[in-house]
Structures are given as C-alpha cells and as structure tokens.
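*Asks:* Take this structure, written in structure tokens, and hold onto it; I'll ask about it next.
In this note's numbering, the protein residues as written are 2 to 223.
Here it is in structure tokens:
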C-alpha cells in the first residue's frame with residue numbers, strides 16, 4: 002500500500018491530480034447508476050487553485066458522489082471509518098483526503114493541522130459542518146471547526162447546498178433508489194478581518210444561506 006502511495010504521488014506532492022482523478026472516478030460511478038440523475042449548478046470558482054473551506058449540508062453517503070461532479074479538486078475531511086473500506090478507502094488515502102476520528106480530540110486537532118497545510122498549498126478543503134448525515138429534512142446544528150479553520154487560514158468559506166441524495170441512498174440503508182439530486186455552488190463568504198469571536202455569527206450566517214438554498218432546490222425538484 003505504501004509503495005503504491007509513493008508511486009502514485011511522484012511529482013504531485015500535494016496529491017492534487019491524484020485527487021482530481023479520484024473525483025472523476027466518482028462521477029463515473031454515479032453516472033453508471035441508472036437510477037440516479039446527478040448534476041450541479043451555480044457559479045464555479047474562476048480559479049480552481051484559489052483555496053476555500055467548502056461546506057455543505059449532509060443528506061446521504063451519496064453526497065460524496067454528487068459533490069464530486071464539481072469541476073475542481075478539494076480534499077475531504079471524512080470520518081476515519083471510511084478509510085478502512087476496501088478500494089474506496091485506499092483511493093481516499095491516495096487522493097490525500099483527511100481522516101478524523103469523531104469524538105477523539107487529538108485526532109481532530111491533527112486533522113485540522115493537515116487541513117491548514119492543504120490550504121497553504123492552494124487546494125480547497127471540503128467539510129460537512131453538521132458532522133454527520135441528518136436523519137430528517139432539517140439541518141443539524143453546525144459545528145465550529147470549519148469556520149475556525151477558514152478564519153485561521155485566512156481563506157473564504159464556499160457554501161454548497163444540495164438536495165435529493167437522501168432518497169438515492171438513505172441513511173443506514175445501502176439499497177439504491179431512484180433519485181434526481183442537485184448541488185448548487187453559492188457565493189463565497191470572505192473571512193478577512195474576522196477573529197475566533199466571530200465564529201458563532203459566521204456559522205449561523207452560512208447555515209442560514211445553505212438552508213434557504215436547500216429549500217429552494219427542494220421546491221425546484223418537487
């Protein structure tokens with residue numbers, strides 16, 4: 002495994018292009034499912050190497066496949082259990098995604114340090130600030146980590162809103178179902194001049210923006 006990692010990342014120390022290829026594979030996987038119709042909308046960042054902390058609501062495991070349709074590379078902060086799934090977990094390691102053990106403080110600190118390093122290499126980081134998939138149509142409260150990271154690194158927040166994946170692959174159920182799902186890229190929110198004291202207000206502003214857009218997408222797909 003380690004030999005494969007070294008071979009795959011030669012000449013690509015930030016694993017940008019390895020990750021880009023992995024997301025392309027994810028798009029192919031989604032497109033090959035005849036029950037799913039996944040797409041995206043909104044203004045794609047003009048510079049794919051301008052780093053953002055990208056945040057989204059979280060409906061389903063299929064969110065990963067939907068968001069992978071976006072045409073730029075970002076590294077994912079994901080629960081450590083996913084990295085132990087055969088093939089998928091190996092590809093996540095190759096792509097340079099960041100594992101975190103939920104509820105383990107030192108793991109979260111180490112993961113955020115890795116995220117700051119990724120941002121310094123001009124690569125975006127993708128985080129689900131709810132921390133887990135919502136079991137209902139309502140968004141869970143957002144955690145602070147993504148917003149502290151953006152302020153600390155001095156990069157904007159890029160919100161995404163998605164809808165439709167909850168029916169594609171429901172929580173605690175691995176049976177595929179027919180689904181039309183969409184992810185919308187929303188306007189970036191600057192963090193310049195903000196301090197940790199601004200995290201609660203920033204967090205609620207971003208959450209409100211995502212809720213409003215998600216509700217609009219739900220009406221659009223109804």
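Where is the CB? At the ideal position from N, CA and C, for every residue including glycine.
Taking the alpha-carbon of residue 132 as reference, which of 197, 46 and 103 has the nearest alpha-carbon?
*Replies:* Counted from its first residue, the chain shown places residue 132 at position 131. Here the closest residue by C-alpha is 103.
*Asks:* Assuming residue 37 is part of the beta strand (DSSP E), what are its boundary residues?
*Replies:* As a working note, residue 37 is residue 36 in the chain shown. Looking at the DSSP string, the run of the beta strand (DSSP E) that includes residue 37 is 37 to 43.
*Asks:* Name the two residues that bound the continuous beta strand (DSSP E) containing residue 152.
*Replies:* Here residue 152 is taken as the residue at index 151 of the chain shown, counted from 1. Per DSSP, residue 152 belongs to no beta strand (DSSP E); it is in the alpha helix (DSSP H), 146 to 154.
*Asks:* Spatial neighbours of residue 21 within its chain, please: CB distance less than 7 Å, with the 5 preceding and 5 following residues excluded, ordered by chain position.
*Replies:* Mapped onto the chain shown, residue 21 falls at position 20. Cβ within range, chain order: 74.
*Asks:* So the candidates are 94, 69, 141 and 116; which of them puts its Cα closest to the Cα of residue 52?
*Replies:* Counting from 1 along the chain shown, the entry for residue 52 is found at position 51. With distances taken between Cα atoms, residue 52 lies closest to 116.
*Asks:* For residue 222, count neighbouring C-beta atoms within 10 Å of its own C-beta (all shown protein chains included) and say buried if the count is 16 or more, exposed if not.
*Replies:* Looking up residue 222 in the chain shown gives position 221. Counting Cβ neighbours within 10 Å, residue 222 comes out exposed, since fewer than 16 surround it.
*Asks:* In whole angstroms, give me the CA-to-CA distance for residue 120 and residue 42.
*Replies:* If you number the chain shown from 1, residue 120 lands on position 119. If you number the chain shown from 1, residue 42 lands on position 41. Cα to Cα, residue 120 sits roughly 24 Å from residue 42.
*Asks:* Run through DSSP, which three-state label would residue 99 get?
*Replies:* Taking the chain shown and counting its residues from 1, one reaches residue 99 at position 98. Correct three-state label for residue 99: strand.
*Asks:* Using the Cβ count rule (16 or more neighbours within 10 Å means buried), how would you classify residue 80?
*Replies:* The residue labelled residue 80 in the question sits at position 79 within the chain shown. Looking at its Cβ environment, which holds fewer than 16 other Cβ atoms inside 10 Å, residue 80 is exposed.
*Asks:* Can you list, in chain order, the residues of its chain with a C-beta nearer than 7 Å to that of residue 17? Leave out the 5 residues immediately preceding and following it.
*Replies:* The count along the chain shown starts at 1 and reaches residue 17 at position 16. Around residue 17: 74 and 124.
*Asks:* Among all the DSSP beta bridges, which residues are the ones paired with residue 54?
*Replies:* Within the chain shown, residue 54 is the residue found at index 53, counting from 1. Its beta-bridge partners are 126 and 158.
*Asks:* Quick check on the DSSP output: what are the complete alpha helix (DSSP H) runs of length 4 or more inside the segment 168 to 203, in order along the chain?
*Replies:* The qualifying runs do not exist here; there are none.
*Asks:* Kindly indicate which residue of 37, 94 and 158 has the alpha-carbon position closest to the one of residue 15.
*Replies:* Reading the chain shown from its first residue, position 14 is the one you call residue 15. Of the candidates 37, 94 and 158, the one whose C-alpha sits nearest the C-alpha of residue 15 is 94.
*Asks:* Could you pull the DSSP bridge partners for residue 75 from this structure?
*Replies:* By 1-based counting over the chain shown, the position of residue 75 is 74. For residue 75, which the question treats as bridged, DSSP gives the partners 125.
*Asks:* Who are the Cβ neighbours of residue 212 in its own chain at under 7 Å, not counting the five residues just before and after it?
*Replies:* Here residue 212 is taken as the residue at index 211 of the chain shown, counted from 1. If we look at residue 212 and ignore the five residues flanking it on each side, its Cβ neighbours are 140.
*Asks:* Suppose you measure from the CA of residue 31 to the CA of residue 61; what does that come to, to the nearest Å?
*Replies:* Walking along the chain shown from the start, residue 31 turns up at place 30. Walking along the chain shown from the start, residue 61 turns up at place 60. The straight-line gap from Cα to Cα measures roughly 13 Å.
*Asks:* Going by beta-carbon coordinates alone, are residue 126 and residue 54 separated by less than 8 Å?
*Replies:* The residue labelled residue 126 in the question sits at position 125 within the chain shown. The residue labelled residue 54 in the question sits at position 53 within the chain shown. In this structure, residue 54 lies closer than 8 Å to residue 126 by Cβ.
*Asks:* Since I believe residue 196 is in contact with residue 152 (beta carbons under 8 Å), could you give me their beta-carbon distance rounded to a whole number of angstroms?
*Replies:* As a first step, residue 152 is located in the chain shown; it is residue number 151 there, counting from the start. As a first step, residue 196 is located in the chain shown; it is residue number 195 there, counting from the start. Residue 152 to residue 196, Cβ: 7 Å. Contact.
*Asks:* May I ask which residues mark the beginning and end of the alpha helix (DSSP H) holding residue 65?
*Replies:* Residue numbering aside, residue 65 sits at position 64 when the chain shown is read from its first letter. Run containing residue 65: 64 to 68, per the alpha helix (DSSP H) assignment.
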